[in-house]
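One line per chain: the protein sequences are A and B, in this order. Residues are numbered in my numbering as their position in the first sequence, beginning at 1, plus a constant of 119. Residues are numbered in my numbering as their position in the second sequence, beginning at 1, plus a constant of 4. We put the CB at the ideal spot given by N, CA and C, even for glycine. Accompanying notes for the structure given below.
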Amino acid sequence: MAIESQEQSRAAARAEAREAAREAEARELQTWQGQVEELRGLVSDRALTGETLLLNMGPHHPSTHGVLRLLLELDGEEIVTCLPDIGYLHTGIEKNIESKTYEKAVTLTDRMDYLSPMSNNMVFCMAIEKLVELDVPPRAQAVRVICLELSRIASHLVWLGTHALDMGAMSVFLYGFRERERILDMFEMLSGQRMMGSYFRPGGLWRDITAEFGPALADFLEYMPPKVEDYELLLRNNPLWIDRTYGVGVVEPEQALAWGMSGPSLRGSGVNWDIRKAEPYSGYEQYEFNVPLGDHGDVYDRFMVRIEEMKESLSIIRQAWSKLPQGAFRSDNRKFVPPPRAELGQSMEAVIHHFKLWTEGFSVPDEEVYVAIESPRGEIGCYLHGTGGNTPRRVHFKTPSFMHISALGKMAEGHFIADLVGIIGSIDIVLGDSDR
Amino acid sequence: MTASASGRARYNRMQTTPAIDPVEAVRGAMPQAILDVKAFRGETTLIIDPAQVVAVARYLRDTPGLTYNYLSDISAVDYYPEATRPGRFGVSTHLYSMLYNRRLRVKAYLQEDEPVMPSLTVVWPAANWLEREIFDMMGIVFEGHPDLRRLLMPEDWDGHPHRRDYPLGYETPMFSFNVDDINQHKPYAKA
Chain A
120 MAIESQEQSR
130 AAARAEAREA
140 AREAEARELQ
150 TWQGQVEELR
160 GLVSDRALTG
170 ETLLLNMGPH
180 HPSTHGVLRL
190 LLELDGEEIV
200 TCLPDIGYLH
210 TGIEKNIESK
220 TYEKAVTLTD
230 RMDYLSPMSN
240 NMVFCMAIEK
250 LVELDVPPRA
260 QAVRVICLEL
270 SRIASHLVWL
280 GTHALDMGAM
290 SVFLYGFRER
300 ERILDMFEML
310 SGQRMMGSYF
320 RPGGLWRDIT
330 AEFGPALADF
340 LEYMPPKVED
350 YELLLRNNPL
360 WIDRTYGVGV
370 VEPEQALAWG
380 MSGPSLRGSG
390 VNWDIRKAEP
400 YSGYEQYEFN
410 VPLGDHGDVY
420 DRFMVRIEEM
430 KESLSIIRQA
440 WSKLPQGAFR
450 SDNRKFVPPP
460 RAELGQSMEA
470 VIHHFKLWTE
480 GFSVPDEEVY
490 VAIESPRGEI
500 GCYLHGTGGN
510 TPRRVHFKTP
520 SFMHISALGK
530 MAEGHFIADL
540 VGIIGSIDIV
550 LGDSDR
Chain B
5 MTASASGRAR
15 YNRMQTTPAI
25 DPVEAVRGAM
35 PQAILDVKAF
45 RGETTLIIDP
55 AQVVAVARYL
65 RDTPGLTYNY
75 LSDISAVDYY
85 PEATRPGRFG
95 VSTHLYSMLY
105 NRRLRVKAYL
115 QEDEPVMPSL
125 TVVWPAANWL
135 EREIFDMMGI
145 VFEGHPDLRR
155 LLMPEDWDGH
165 PHRRDYPLGY
175 ETPMFSFNVD
185 DINQHKPYAK
195 A
């Protein structure tokens, strides 16, 4: 009798525990799913009643180009609302730079837009150079232009490959990465690193171009133009490509400006604004090049603009290489630029400068500047505020991907999910760039 | 082929009125809004009353001869711990005029105990995420913003990381002598 009652109570306890576990699981499930109520005002009221479907796309979706999460409200296959959610790749680069000296911070900027690190180096170095009025010798400026245009081509190749891959064309991806490899090899010859080179430093470059870079670049300039033609021919008149891109994701020029779009995505809508032309930096005014423009502002136009840009970039590189000036590769202002290694053996002055620059760094005034350049994705801006000491008070990067993702929600409305993939590809986003 | 090297510009950029000086224009139209003007390294900064930022932005955008039609960037800076400026926070709005190819910075100082200013989303939709980022990172509240949630940090994050009194986080390296100490407060993933 006693044993039976014991067993009964044990069974009751087990049942209770099971019930508690089930309840806990149900609670967990509820918090994991989130409350639809929280989205009131952001999605349409139809989503709150369950009439339309709320679907999470990403952050681990292959066609979101990184860790971008999109909360989609779907009516059938049609997108009613699209809420982009970023921050999954936030690395606190801006906060970190506040505790670094200026020259050390250059390495951090590489890691923002990891498809064109040179543009990030460039805008940060230009902000420092403007703040302390540091000169950059002509040779350094020309090499910078060559590097920037090479990274524009490299970045556009990755964009083209992934964009086409998202739309179902596998081979362009393989070709694009094959050619990009040659560019990365050249970056390795210059900086010792394929991607995160930190080759640009305040006042010029880390070192002069190496002996093997010249022949490699000459080879590349022979090799690349027919390849760009090939990609264009693969896709330009491809009926499948045209079906997927014509009239998809149309952005009117006024809308594009209001949303803060820039670069090829803006020029696809026909707005003729290229910072290389409007506010020339690093000697861009010496080179002749066209600014390709689109007519309709759809995915196809943005595609064609970038293809044409690659050809223009090749022409800029050719011009810059043919008249590459001789001379110093970095400024000789010893208050900001370290002396050459060889001088340290003979000059006490050089030793002092070297020691000061590599321990304390240099000081910049307690003032603010804003510098913007044309990165492969659009206007990348650097707001730099000094403290009067050797670390910045605040660095803020206005990045094109950030602005484009914020506009993505509006661009996607009314399109099918399959077109959304094309639209994401056509604005060429890099999540490292947007999250920083 | 729709896009070409010679594609025609769809956006009309004809200059119909000559450019006018933004400082003089704003000073004439809204004398109470301008607190100070600063020029540094060829950049002009209008320091304005934060309550007037929307009116000034509208004026700069819509006045012929100014037409600052593009919002480049909004950045916030924290002047803590120095008290040499009119306020703890500075919010700099960077405008660009495609018509006249020039830039202008409009800056507002905000006080530590009341970091609130009107939102520019009514003038430029592009301000939406830029202001959300500043709210997230600096804790500056933009009144009238349609969707002021955290953007980069998780929703339940404490504090605003880009404030100068917010420390950079460090993790104590784990050695055999302090392994128990660290294990006690280390947030391991729960099964």
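- In the pairwise beta carbon analysis, the segment 71-81 of chain B is classified as not touching the segment 37-56 of chain B: fewer than three pairs are separated by under 8 Å.
- With fewer than 16 other Cβ atoms inside 10 Å of its own Cβ, A/I471 counts as exposed.
- For the segment 184-199 of chain A, no residue has a beta-carbon sitting nearer than 7 Å to a beta-carbon of chain B.
- The beta carbon of A/S182 sits no closer than 7 Å to any beta carbon of chain B.
- Counting along the chain, the unbroken alpha helix (DSSP H) around A/G544 starts and ends at I536 to S545.
- The segment 102-120 of chain B and the segment 534-553 of chain A do not touch, with fewer than three beta-carbon pairs separated by less than 8 Å.
- A direct Cα-Cα distance of roughly 19 Å separates A/A259 from A/E398.
- Beta-bridge annotation (DSSP): A/F292 is not paired with any residue.
- Chain-order list of chain B residues neighbouring A/A377: W128, P129 and A130, by C-beta distance under 7 Å.
- By the Cβ-count criterion, B/P54 is buried, with 16 or more other Cβ atoms from all chains shown falling within 10 Å of its own Cβ.
- Near chain B, meaning a CB-to-CB distance below 7 Å, the residues of the segment 511-522 of chain A are R512, R513, H515, K517, F521 and M522.
- At a cut-off of 7 Å between beta carbons, B/N187 makes no contact with chain A.
- Looking at the backbone, the Cα of A/A375 and that of B/T176 are separated by about 47 Å.
- With fewer than 16 neighbouring CB atoms inside 10 Å of its own CB, A/M467 falls in the exposed class.
- Where A/R513 is concerned, the enclosing beta strand (DSSP E) starts and stops at P511 to K517.
- In summary, B/T88 is exposed, with fewer than 16 beta-carbon neighbours lying within 10 Å of its beta-carbon over all protein chains present.
- Closest by C-alpha distance to A/G185, out of A/R263, A/D204 and A/S388, is A/D204.
- The straight-line gap separating the alpha-carbon atoms of B/Y83 and B/R92 is approximately 5 Å.
- A/L324 places its beta carbon less than 7 Å from that of A/V262.
- Within the same chain, Cβ atoms closer than 7 Å to the Cβ of B/H149 are found at S123, T125 and E135, the five residues on either side in sequence being excluded.
- Within the segment 158-175 of chain B, contact with chain A at the beta-carbon level (separation under 7 Å) is assigned to P165, H166 and L172.
- Around A/V225, the same chain offers N240, F243, C244, S317, F319, R320 and P321 as residues with beta carbons nearer than 8 Å, after the five sequence neighbours per side are excluded.
- Looking at the DSSP output, B/D77 bridges to B/H98.
- The Cβ neighbour count for A/M380, taken over all protein chains shown within 10 Å, is at least 16; the residue is labelled buried.
- Where B/K111 is concerned, there is no enclosing alpha helix (DSSP H), although the beta strand (DSSP E) around it starts and stops at R106 to L114.
- Between A/S432 and A/E268, the gap from beta carbon to beta carbon is short of 7 Å.
- Judged by beta-carbon spacing, A/H504 lies beyond the 7 Å limit of B/V30, meaning their Cβ atoms are not closer than that value.
- One Cα belongs to A/F422, the other to A/P411, and the distance between them is close to 11 Å.
- Secondary structure in the segment 188-220 of chain A: the alpha helix (DSSP H) runs of 4 residues or longer, each lying completely within the stretch, are 212-216 in chain order.
- Each residue's CA atom was taken as its position, placing A/H515 and A/G195 some 41 Å apart.
- The beta carbons of A/S434 and A/H523 sit no closer together than 7 Å.
- A/G497 is bridged by DSSP to A/S494.
- Bounds of the alpha helix (DSSP H) holding A/N240 are P236 to V251.
- Annotated three-state conformation of B/P122 is strand, per DSSP.
- Per DSSP, A/V277 is one residue of the alpha helix (DSSP H) stretching across P257 to D285.
- Close to chain B, meaning a Cβ-Cβ distance shorter than 8 Å, are the following residues of the segment 470-501 of chain A: E486, E487, V488, Y489, A491, E498 and G500.
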